[in-house]
Amino acid sequence: VQLQASGGGLVQTGGSLRLSCAVSGNIFSIAIMGWYRQAPGKQRELVARVTSTGATNYADSVKGRFSISRDIAKNTVYLQMNSLKPEDTAFYSCNVVEVYGGTYWGQGTLVTVSS
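FYI, in the numbering used here the residues of the sequence shown are 63 to 177.
So, in structure tokens, the structure goes:
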């Protein structure tokens, strides 16, 4: 199973980026797809996740600014990030959880927000 993330980069405060994560390989039914981030010197934290039924939840710090979505047919999850702030600077990794609990991580992508 491979998770290929893309879309990170350098953006100014207030800007937008869209992250994508495509899942390939022999994976059973996906229950949850999500994005996590880890800033230098900090613990990894959940940013947003979406279930197979479309239910979503977000970290309080990104509510109203970020939006997660998934394309079931393409096994791809997206993270639209608007109104970016310097504190959003982090390494963003995608994660999928299978119905029976198997968990996989992508290699991540760096998001840098300049002030």
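Beta carbons are placed, not taken as given, at the ideal position from N, Cα and C, and that holds for glycine.
Every value quoted in this text rests on a predicted model; they were computed, and no experiment measured them.
- Minimum Cα-Cα distance from D122 among the listed residues V109, Q100, I134 corresponds to V109.
- Taking one beta carbon from each stretch, the segment 64–75 and the segment 121–135 have fewer than 3 pairs nearer than 8 Å; the two do not touch.
- Ranked by Cα distance from F90, the first of W167, V161, L81 is V161.
- By the beta-carbon neighbour count (other beta carbons within 10 angstroms, threshold 16), S145 is exposed.
- Listed in chain order, the non-local C-beta contacts of I94 below 6 Å within the same chain comprise R111, T113, V159, local neighbours out to five positions each way being set aside.
- Within 10 angstroms of the beta-carbon of D133 lie fewer than 16 other beta-carbons, which makes it exposed.
- In the three-state reduction of the DSSP assignment, S78 falls in the coil class.
- Counting every other CB atom within 10 Å of its CB across the protein chains shown gives R99 a total of 16 or more, marking it as buried.
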